[in-house]
Amino acid sequence: MARTASKSLFTADLIVPAIGDAFRKLNPRELIRNPVMFTTAVVAVLLTVLLVVGQDGLAVGFKLQLVIWLWLTVLFGTFAEALAEGRGKAQAASLRATKAELIARRLNGDGREVETVPASALKLGDIVLVETGDLIPADGEVVSGVASVNEAAITGESAPVIREAGGDRSAVTAGTRVISDEIKVRVTVNPGQGFLDRMIALVEGAERQKTPNEIALTLLLVGLTIIFLIAVGTIPGFASYAGGSIPVAILAALLITLIPTTIAALLSAIGIAGMDRLVRFNVLAKSGRAVEAAGDIDVLLLDKTGTITVGDRQATEFRTVGGTSQTGLAEAALLASLADETPEGRSIVLLAREKFGQTANALPEGAEVIPFTAQTRVSGVTFNGSTIRKGAVDSILRACPDAARTASASELRRISDEIARAGGTPLAVARDGELLGCIFLKDIVKAGIRERFGELRQMGIRTVMITGDNPLTAASIAAEAGVDDFLAQATPEDKLALIRKEQEGGRLVAMCGDGTNDAPALAQADVGVAMNTGTQAAREAGNMVDLDSDPTKLIEVVGLGKQLLMTRGALTTFSVANDVAKYFAIIPAMFVVLYPGLGVLNVMGLATPQSAILSAIIFNALIIPFLVPLALKGVTYRPIGAGPLLARNLAIYGLGGLIAPFVGIKIIDLAVNGLGLA
């Protein structure tokens, strides 16, 4: 599985642009999106004005320090967001460079003449010719030909993939390169709306909208800010009642130490970094809502083939019926499979040669191949007046009605049931209407998949295997893989009905798919991961696209979603605990002059009211850059239950948030007084 190279958080090519972006984000129209940081900036402006015109008895040097640290608090917040966005911008720049050099050879109406045009001039429905060495100029579907395509520009994976007309592997993406043969591609999107365009916008964060959890948390932070604004606004009245007064600069600085600036400064960075981690995992999320939903998933639907099993079934055994010898069955199976280029067909040929000494390398002269179709579910070969058929048991029995009434048919059904119960797929073989036996095709369950499902179970996620196999085979594979449930002989309607049923029960559902027939279910699922190799319909329907087309990655997507939620929860817990500790740390020291009885609560022994507020403002600013790496990298996720997870967060981030201000503010207070800064 390919992954985008990870870039260190603190390299010059990230930090230098982020510093510039941090200053640009001081634009009030940008800042107003974060009300808490906007309030901090307004207070910083107020103190800047008071520094110049104020006559409040405070030393200019003291007020200058307050102004500097308040502006640094705002800048650290905008810098965190800019740094999170910066990692995506580097990738977007390379994608934009790829897009800029695209040209197209468009075919005219009859397909005989070719004109060279910029890719931006293409329209929906245009047909373009792409030959060896050409870059595909636009998103589309192959309508003619077959070719090897290098998708490294999109996925980072250098191994080529096959793209051909028809089926679920016909979709191609602008910017990928054809490395052999030629194809004709129908453009399926208008200029500026293709996959590359959307990816550029998403990795830059240009279209990132706040998720419901972010909106709810922002409202909470705004509410707390208003409460403390009212509380601080009442302090002058109490001070006057006590026979004293408090300068406006001190009150303004106090407000900033009380409101939740820490989580407000990091909230956007956490969300952007969550989407960025998916991009670096080669999964493109179309919205932050999808990433969040992945962290809350209750039910996970997975295809059997390619997800739970390795994908290519292998022939492991020949089982005969009637008086047929195993050599006779092996010979017939070999002849019926010589023209079968599927992995299953090749494994049948290999088994016949290695275990039964069959040596035929080619079909007899004049032989006619019977192609497999979805309607007949049978393939085979006809030669010298003899016909060999291979296919699903029911299909072979329908093709041989006379044999279906014999004792061999009953024996064939018994053997096929045994194979199905063992987790295999039976393929029946018949020659000239006579049943010869069954081929045992074994589905190989991926190594370690049972343990993976155990981890999901610990997360509280129920796994459901979806397969077109019969119920016996499905039950055997489900038991071996360790999934919680399965859906056998599944149709697109069955998948959609299952998702709706789960959602009606209040559960969030995730699934993956790559075909047009998966599109309705992908659109209905709360998290729909479409394979990049799949059809355009599937990619449009899903709210995530896996650039590596690895269905098992859905499990990692759930983990990344939970990591995003955990990171936000952990830093919110730390921030709230941090603010509570600051109240008890500085308020007694600030008001001890007016209310001497508060002296017993000044357990930290802060030197003066001025040093207390300055130390708190400095701590308030410095804690933000200290937490930036955690916000961008994310909290390490472990698959444990909600109860232990809450206890762990409270123990680490809640307790840490309570202790940090007492230690930090005391150290800063000692330094401030030792240097004579207050």
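Under the working numbering, the letters of the sequence shown match residues 4 to 681, in that order.
All C-beta atoms, glycine included, are put in the ideal place defined by N, C-alpha and C.
Keep in mind it's a predicted model, so treat the numbers as computed, not measured.
Exposure label - residue i; buried when at least 16 CB within 10 Å
i	result
residue 492	exposed
residue 135	exposed
residue 36	exposed
residue 210	Below a pLDDT of 50, predicted positions are generally treated as unreliable, and residue 210, at 46, falls in that range; no measurement from the model is reported.
residue 9	Its pLDDT being 45, under 50, residue 9 is placed unreliably in this model, and the coordinates cannot settle the point.
residue 172	buried
residue 595	buried
residue 585	buried
residue 548	buried
residue 265	buried
residue 307	buried
residue 556	buried
residue 232	exposed
residue 362	exposed
residue 27	exposed
Test item: CB-CB of residue i and residue j under 8 Å
i	j	result
residue 321	residue 440	yes
residue 141	residue 197	yes
residue 472	residue 436	no
residue 454	residue 324	no
residue 391	residue 431	no
residue 449	residue 311	yes
residue 145	residue 175	yes
residue 570	residue 638	yes
residue 318	residue 354	yes
residue 634	residue 668	no
residue 190	residue 132	no
residue 382	residue 393	yes
residue 47	residue 67	no
residue 304	residue 534	no
residue 682	residue 342	Limits of the chain in this structure are 4 at one end and 681 at the other, which puts residue 682 out of reach.
residue 462	residue 565	yes
Boundaries (first-last residue) of the beta strand (DSSP E) holding residue i
i	result
residue 603	Per DSSP, residue 603 belongs to no beta strand (DSSP E) and is neither H nor E.
residue 386	381-386
residue 121	117-121
residue 548	547-549
residue 356	Where residue 356 is concerned, there is no enclosing beta strand (DSSP E), although the alpha helix (DSSP H) it sits in stretches over 346-359.
residue 641	Unbroken run through residue 641: none, as it is neither H nor E.
residue 444	437-445
residue 498	Looking at the DSSP string, residue 498 is not in any beta strand (DSSP E); the run it does join, the alpha helix (DSSP H), is 495-507.
residue 375	No beta strand (DSSP E) holds residue 375; DSSP gives it neither H nor E.
residue 184	Counting along the chain, residue 184 falls outside any beta strand (DSSP E), and DSSP gives it neither H nor E.
residue 428	427-434
residue 321	317-323
Residue i versus residue j: straight-line alpha-carbon distance, rounded
i	j	result
residue 235	residue 258	6 Å
residue 460	residue 466	8 Å
residue 288	residue 295	10 Å
residue 677	residue 60	22 Å
residue 456	residue 486	6 Å
residue 560	residue 597	56 Å
residue 300	residue 215	15 Å
residue 599	residue 583	22 Å
residue 423	residue 223	56 Å
residue 373	residue 345	14 Å
residue 194	residue 80	36 Å
residue 512	residue 523	14 Å
residue 657	residue 494	49 Å
residue 152	residue 469	30 Å
residue 477	residue 490	8 Å
residue 302	residue 592	53 Å
residue 54	residue 531	55 Å
residue 409	residue 438	9 Å
residue 675	residue 89	35 Å
N- and C-terminal bounds of the alpha helix (DSSP H) containing residue i
i	result
residue 585	556-594
residue 340	329-340
residue 676	658-677
residue 636	612-636
residue 419	410-424
residue 541	539-544
residue 711	Summary: the structure shown does not reach residue 711, with the chain confined to residues 4 through 681, and so no result is reported for it.
residue 147	Element bounds for residue 147: not the alpha helix (DSSP H) but the beta strand (DSSP E), 143-153.
residue 369	No alpha helix (DSSP H) holds residue 369; DSSP gives it neither H nor E.
residue 54	38-56
residue 172	Where residue 172 is concerned, there is no enclosing alpha helix (DSSP H), given that its DSSP letter is neither H nor E.
Indicate whether the contact test is met: 3 or more Cβ pairs, each with one atom in the stretch 612-626 and one in the stretch 527-542, closer than 8 Å.
Note that the stretch 612-626 does not touch the stretch 527-542; fewer than 3 beta-carbon pairs, one per stretch, sit closer than 8 Å.
Are three or more beta carbon pairs between the stretch 570-578 and the stretch 624-638 nearer than 8 Å?
Taking 8 Å as the limit for Cβ pairs, the verdict is that the stretch 624-638 does touch the stretch 570-578.
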